[in-house]
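Colleague: I have a structure here, written as structure tokens, and I will follow up with some questions on it.
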Amino acid sequence: MSNLDILKPMAVKRKAEEAFTSRRTQRDDPRDAVSDNAKVSNMPPAGRTQDAQKSKLRDRATALLKTRQQLPIWPHAEEVRQKVRENDVLLLVGETGSGKSTQIPQFLCSEKWCQSLPVLTSTTSNGAQKGRKGNIGGRIAILQPRRVAATSLATRVAQEIGTPLGSSSPASTVGYSVRFDNNVSPSTKIKFLTDGMLLQELLRDRWLREYSCVIVDEVHERGVNVDLVLGFLRRILEAGRGAGSEDGRQGVPLKIVVMSATADMGGIHDFFAGVGDLPVNGSNANEGQNGHTSSQSQNEEWNGFSDSETPAKQDTSEENKRSSNDNISVGSCYIKGRQYPVTTHYTSTPTTNLLDTAMDRIIQIHQHTPLPGDVLVFLSGQEMIENLESLCHTYASSLNEQQKPPQQPSLPPRHKRGYPQKLPGLQILPLFASLPTHLQARIFQPTPPFTRRIILSTNIAETSITVPGIRHVIDTGKHKSRLFRPGLNLDTLLSTPISQSMAKQRSGRAGREAPGHCYRLYIEKDYWDLEKDTKPEILQTNLAFLVLTLKAHNVDDVLDFPLLTRPPRRSLEAALEGLLNLDALDPDTSNITDIGKKMASLPVRPDLARILLESSKHSPDIVEGVIDIVSALSLEEGIFLPVHSNKRLQSAAKKSSQELLLDKQKKKSGEDVSDDEESNPVEAARRQLLSRHSDHLTLLNAIQAYASPNTHDRRAWCDQHGISHRAMSRIMDVRKQLRQMMGSKRFQLAAPSNTNTVTLDGALGALQKRETILKCLIAGLWPNIAILTSLAPSQTQQGQAGSQPQNPNQRAPYTTLLTSQGIHVHPSSVMFTQRDSPGRRKEDDNTMGGRRDAAVGASGMPRAVIFTDLIYTSKPYARNVSAVELGWVADMGKLS
Ligand SMILES: Nc1ncnc2c1ncn2[C@@H]1O[C@H](COP(=O)(O)OP(=O)(O)OP(=O)(O)O)[C@@H](O)[C@H]1O
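Be aware that the sequence shown starts at -16, since it is given in my numbering, and climbs by one per residue.
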């Protein structure tokens, strides 16, 4: 997008704003009331409906104003405005529920500095301005770590302001932008967006000329994206102060607000103020513009607050004096108090079984506390959620049974058997990141009458959001954390204890509409033993995305980029190496390549982006096949449900009488019916989808069968095949968006002249297509190639020497070629069972076609595999595995 392009919507926006303001002025003037009424009666029905909608919005906003005025932050509005006027950066700490996310953007959006300003947009090489008028600023961006927070907060703030949401009206002043959903209007003044979306916008305009202010909310989460955003923001501010070579905002200020309830802001203060990394600035370094000592607003040092402390006083410490007047000025503000109290309860003894204890607590709450009183339970991951969901459903159906009128009149009434007269119904709602958006949104819909909602969530609901009706929070004290080991390219995904900061955020989800309770399923001593803050993600994740993003922003020397926390050097080197392997960087200069730039613009992780780009060299059916696989891989969880642990599947597994009859007929006619098939039709149905040597192609089979026009009832199809309907709906969302993106010329790679684009028909064509898809996967996954351990070099040498093999990976069936890491095939893989009993399946070997003998070792296991993820639980497991031929990899110029 050119610099001018971003300015086009602003002109439309100004017109819409003018129209909006003049309409509002008319309405607000009582003299217009009569003529307004007359206008209404003469209006066509559509106009009247619109007017009725507007007045409904206004009434709702008026009603909400009273609630807003009760918030602890409300009396601080002027203080906040003043501090933002005086400083480049404001650090704001306020307790959970005090009103930061909803009120701060509203306090600031009518400020003078927040207007869109006309400027000359382009400059000549010597810095002279060239004409062409445009505008800079006018919008506030407010960043959220997750999409559910961005969308729900935007909805709430639109209601508070009384404006339609997003693109539903050109006059709407509040919108949001999350991956695959950009819901803004030309007049959007307050835009909630995920940090990932702001990074994408930075790729298009590194000066963020659309905005007057960026609010970084929930900074304590310290995801990699937030650290990157903070670095880019600091660079914009430095350029505005003359520290950079140019200022693309032409003097129009960008204000930054950084907020949290639980972050330690000391490091963030120093990061912006330049303490510790800027040179000492001469003898008058501690003096302001007029020779006075720098005031608090020019540069406060962050002293941190506790409940009893007051905000930092003017700082005169030696360290702070080093920040000159030319440096970024940082102010701070503390909002004390929360709207409603939350009582914290601990267990008296350590909990041994978290699920049972959580279930007991839910039952206690349900049987002994009145409505309204919904429950929010924090669990470590999807698996734990689904297990508790199943327990909750069992409890809910037992309640229904108990509450039926007694069939034996001799039985005493319920309440005499120790139960309350009649308990409310239960609505059980899971909530996790890979749940499709429309299912996530159910937590914000009204609770049915006489019903208690039990929301079972990962840390997705931990920050920012207000779930209406929640009075009780149950905190298991666990979350899933991913730790990357750069040397081995290995991720560990384990359930680990949360930090104190996370525990506070979790309890903060209660007490937002009324007093609440937080039940921590651990003893108080364990709480005090937790880490105080959450470890920054940058210290423990694969940094390929971070490095690619920086390179895409023309940051040549990654080590030179301002980061709040320096990542380990080894992780950076591994990321650079990984990106070189994916052709994203030039091996001579380390600069980003054209492929790398395209990868950075795709909303999936770098290896998956590389696979998508590779497919663009081929015919559309290959691109579509690869998109299906990548859509499934971009979900954290798999699509296949464990058959025996899921009630619905167990009942689906019971064969209909018709199917049993069919089996009998088959048996009579001498046909083979396996025991499994006989007892478990879900497994039999699933087997139709399996591709013997490939999890990736199995995913493709499943998605294509699900999406086929011949599949009329998709939910029933999922039940029959033991597949998560939720996961499939999410995959359909992602697939749709990726298809749109990959349809654009921007993401096409030129096919080399030897690429065979002719697709054959029939079985040979299907085989060719599958082979081509696997080759596309190799383009992104070839660093994850592993061969049978028996063929790995060290083993061979030992064998030649005639000694006993001493390969430490001996017991692992595969060894990675690049890192010599022994790996096991994950039990969820189609190749796992195959290893246990080779040749067990009867279906044709689609994957390797006629070349099985070349690709399969003596054990019946493929000689070489690629995999998508390597995770460590009890041992290193490769997940999503496919057999490949080493020759394909060599043909692609890899491993040469
Ligand atoms: N969707 C909603 N429905 C009902 N009330 C809401 C909603 N969103 C916000 N509120 C009310 O506004 C209050 C302030 O919410 P806000 O998100 O601004 O607080 P916050 O200080 O940002 O909290 P946190 O630090 O937990 O993100 C809530 O405590 C609640 O009373």
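Glycine is no exception: its CB is placed at the ideal position from the N, C-alpha and C atoms.
Just to confirm, are serine 150 and threonine 177 a CB contact at a threshold of 9 Å?
Modeller: To locate residue 150, count along the sequence shown from 1; it is residue 167. To locate residue 177, count along the sequence shown from 1; it is residue 194. No, Cβ-Cβ distance for serine 150 and threonine 177 is not below 9 Å.
Colleague: Out of Thr330, Ala861, Gln36, which has the shortest C-alpha to C-alpha gap to aspartate 343?
Modeller: By one-based count along the sequence shown, residue 343 stands at place 360. Of Thr330, Ala861, Gln36, the residue nearest in Cα terms is Thr330.
Colleague: Bridge partners for valine 199 per DSSP, in chain order?
Modeller: To locate residue 199, count along the sequence shown from 1; it is residue 216. Partner(s): Leu126, Val241.
Colleague: Which partner residues does aspartate 164 have in the DSSP bridge list?
Modeller: Within the sequence shown, residue 164 is the residue found at index 181, counting from 1. Aspartate 164 pairs with Val161.
Colleague: CB-CB under 7 Å to arginine 709, same chain, minus the five flanking residues each way: which ones, in chain order?
Modeller: Position 726 of the sequence shown, counting from 1, holds the residue named residue 709. If we look at arginine 709 and ignore the five residues flanking it on each side, its Cβ neighbours are Leu418, Pro419, Leu422.
Colleague: Express the C-alpha separation of glycine 117 and isoleucine 311 in angstroms, rounding to a whole number.
Modeller: Indexing the sequence shown from 1 puts residue 311 at position 328. Indexing the sequence shown from 1 puts residue 117 at position 134. Looking at the two C-alpha atoms, the distance is approximately 26 Å.
Colleague: In whole angstroms, what is the alpha-carbon distance linking asparagine 767 and serine 865?
Modeller: Here residue 767 corresponds to residue number 784 of the sequence shown, with the count starting at 1. Here residue 865 corresponds to residue number 882 of the sequence shown, with the count starting at 1. The straight-line gap from Cα to Cα measures roughly 11 Å.
Colleague: Given this structure, state the Cα-to-Cα distance separating glutamate 754 from threonine 799, to the nearest angstrom.
Modeller: Within the sequence shown, the letter at position 771 stands for residue 754. Within the sequence shown, the letter at position 816 stands for residue 799. If you take the alpha carbons of glutamate 754 and threonine 799, they lie about 22 Å apart.
Colleague: Take the Cβ of arginine 729 as the centre, count every other Cβ of all protein chains shown within 10 Å, and call the residue buried at 16 or more, exposed below.
Modeller: Here residue 729 is taken as the residue at index 746 of the sequence shown, counted from 1. Answer is exposed; the Cβ neighbour count stays below 16.
Colleague: Can you grab the Cα-Cα spacing for the pair phenylalanine 433 / alanine 44, in whole Å?
Modeller: In the sequence shown, counting from the first residue as 1, residue 433 sits at position 450. In the sequence shown, counting from the first residue as 1, residue 44 sits at position 61. Whole-angstrom Cα-Cα distance: 28 Å.
Colleague: From which residue to which residue does the alpha helix (DSSP H) around glycine 249 run?
Modeller: Taking the first residue of the sequence shown as 1, we reach residue 249 at position 266. Here the alpha helix (DSSP H) through glycine 249 covers 249 to 256.
Colleague: Would the C-beta of lysine 600 count as close to ligand 1, meaning under 8 Å from any of its heavy atoms?
Modeller: Taking the sequence shown and counting its residues from 1, one reaches residue 600 at position 617. No, ligand 1 has no heavy atom inside 8 Å of this Cβ.
Colleague: Excluding sequence positions up to five away, which residues of its chain have a Cβ less than 8 Å from the Cβ of aspartate 539?
Modeller: Taking the first residue of the sequence shown as 1, we reach residue 539 at position 556. Contacts found: Ser573, Asn574.
Colleague: From Ser727, Leu801, Gly77, pick the residue whose C-alpha is nearest to that of methionine 242; which is it?
Modeller: Taking the first residue of the sequence shown as 1, we reach residue 242 at position 259. If we check each option's Cα against that of methionine 242, Gly77 comes out closest.
Colleague: So what's tyrosine 317 in DSSP terms, helix, strand or just coil?
Modeller: For the purposes of this step, residue 317 is taken as residue 334 along the sequence shown, with counting starting at 1. Strand.
Colleague: Buried or exposed: where does serine 93 fall if 16 or more other Cβ atoms within 10 Å of its Cβ makes it buried?
Modeller: Here residue 93 refers to the residue found at position 110 when the sequence shown is read from its first residue. Exposed, by the Cβ-count rule.
Colleague: Could you check if leucine 242 belongs to the surroundings of ligand 1, using beta carbon to heavy atom distance under 8 Å?
Modeller: Taking the first residue of the sequence shown as 1, we reach residue 242 at position 259. Checking the sequence shown, residue 242 turns out to be methionine, not leucine. Yes, Cβ of methionine 242 sits closer than 8 Å to a heavy atom of ligand 1.
Colleague: Spatial neighbours of phenylalanine 3 within its chain, please: CB distance less than 7 Å, with the 5 preceding and 5 following residues excluded, ordered by chain position.
Modeller: Within the sequence shown, residue 3 is the residue found at index 20, counting from 1. Reliability of the predicted coordinates at phenylalanine 3 is poor, the pLDDT of 31 falling under 50, and the value obtained from them is presented with this limitation in mind. Around phenylalanine 3: Ala154, Ser170.
Colleague: Just to check, is the beta-carbon of serine 99 closer than 8 Å to a non-hydrogen atom of ligand 1?
Modeller: Numbered from its first residue, the sequence shown carries residue 99 at position 116. Serine 99: no, Cβ never under 8 Å from ligand 1.
Colleague: Let me check one thing: in DSSP terms, what residues is lysine 116 bridge-paired to?
Modeller: Locating residue 116 in the sequence shown gives position 133, counting from the first residue. Paired residue(s): Leu103.
Colleague: Three-state secondary structure (DSSP) at tyrosine 505?
Modeller: Position 522 of the sequence shown holds residue 505. Looking at tyrosine 505 - three-state DSSP - the assignment turns out to be coil, as it is neither helix nor strand.
Colleague: Relative to the alpha-carbon of serine 490, which residue among Leu522, Arg465, Asn525, Val450 has its alpha-carbon at the smallest distance?
Modeller: Numbered from 1 along the sequence shown, position 507 holds the residue referred to as residue 490. Residue Val450 is the option with its Cα nearest to serine 490.
Colleague: In whole angstroms, what is the alpha-carbon distance linking glycine 356 and aspartate 516?
Modeller: Start at 1 with the first residue of the sequence shown, and residue 356 comes out as number 373. Start at 1 with the first residue of the sequence shown, and residue 516 comes out as number 533. Looking at the two C-alpha atoms, the distance is approximately 30 Å.
Colleague: Contact defined as beta carbons within less than 8 Å: I believe proline 545 pairs with lysine 319. What is the distance between those atoms, to the nearest angstrom?
Modeller: The residue labelled residue 545 in the question sits at position 562 within the sequence shown. The residue labelled residue 319 in the question sits at position 336 within the sequence shown. About 31 Å separates the two Cβ atoms, so there is no contact after all.
Colleague: Would you identify the three-state DSSP class for aspartate 611, choosing helix, strand or coil?
Modeller: To locate residue 611, count along the sequence shown from 1; it is residue 628. Of the three classes helix, strand and coil, the one that applies to aspartate 611 here is helix, per DSSP.
Colleague: Taking only the alpha-carbon atoms, compute the straight-line gap between glutamate 868 and leucine 680 and give it to the nearest angstrom.
Modeller: In the sequence shown, residue 868 corresponds to position 885, counting from 1. In the sequence shown, residue 680 corresponds to position 697, counting from 1. Rounded to the nearest angstrom, the two C-alpha atoms are 15 Å apart.
Colleague: Hey, could you find the ends of the beta strand (DSSP E) threonine 177 is sitting in?
Modeller: Counting from one through the sequence shown, the residue named residue 177 turns up at place 194. Per DSSP, threonine 177 belongs to the beta strand (DSSP E) from 173 to 177.
Colleague: Can you tell me which of the three DSSP states asparagine 525 falls into?
Modeller: Against the sequence shown, residue 525 aligns to sequence position 542. If DSSP states are grouped into helix, strand and coil, asparagine 525 belongs with coil.
Colleague: Taking the C-alpha atoms as reference points, what is the distance between histidine 203 and threonine 479?
Modeller: Along the sequence shown, read from residue 1 onward, the residue named residue 203 stands at position 220. Along the sequence shown, read from residue 1 onward, the residue named residue 479 stands at position 496. The straight-line gap from Cα to Cα measures roughly 18 Å.
Colleague: Using 8 Å as the cut-off, can you tell me whether the stretch 236 to 255 makes contact with the stretch 199 to 216, which would need three or more C-beta pairs spanning the two stretches below that distance?
Modeller: Flag = yes, the stretch 236 to 255 and the stretch 199 to 216 touch.
Colleague: Report back the beta-carbon spacing between leucine 371 and leucine 338 to the nearest angstrom; my notes put them in contact at under 8 Å.
Modeller: Here residue 371 refers to the residue found at position 388 of the sequence shown. Here residue 338 refers to the residue found at position 355 of the sequence shown. Right, the Cβ-Cβ distance comes to about 6 Å (below 8 Å), so this counts as a contact.
Colleague: Taking only three categories from DSSP, how would you classify aspartate 357?
Modeller: Position 374 of the sequence shown holds residue 357. Correct three-state label for aspartate 357: strand.
Colleague: Is there at least one non-hydrogen atom of ligand 1 closer than 8 Å to the beta-carbon of serine 135?
Modeller: Within the sequence shown, the letter at position 152 stands for residue 135. The answer is yes for serine 135.
Colleague: Figure out for me which residue from Ile348, Phe415, Pro551, Gln322 has the closest Cα to the Cα of isoleucine 368.
Modeller: Residue mapping note: residue 368 aligns to position 385 of the sequence shown, counting from 1. For the residues Ile348, Phe415, Pro551, Gln322, the minimum Cα distance to isoleucine 368 belongs to Phe415.
Colleague: Taking the alpha helix (DSSP H) that asparagine 863 falls in, what are its first and last residues?
Modeller: Reading the sequence shown from its first residue, position 880 is the one you call residue 863. No alpha helix (DSSP H) contains asparagine 863, which is instead part of the beta strand (DSSP E) from 859 to 867.
Colleague: Take the Cβ of glycine 870 as the centre, count every other Cβ of all protein chains shown within 10 Å, and call the residue buried at 16 or more, exposed below.
Modeller: In the sequence shown, the residue the question calls residue 870 occupies position 887. By the 10 Å Cβ count, glycine 870 comes out exposed.
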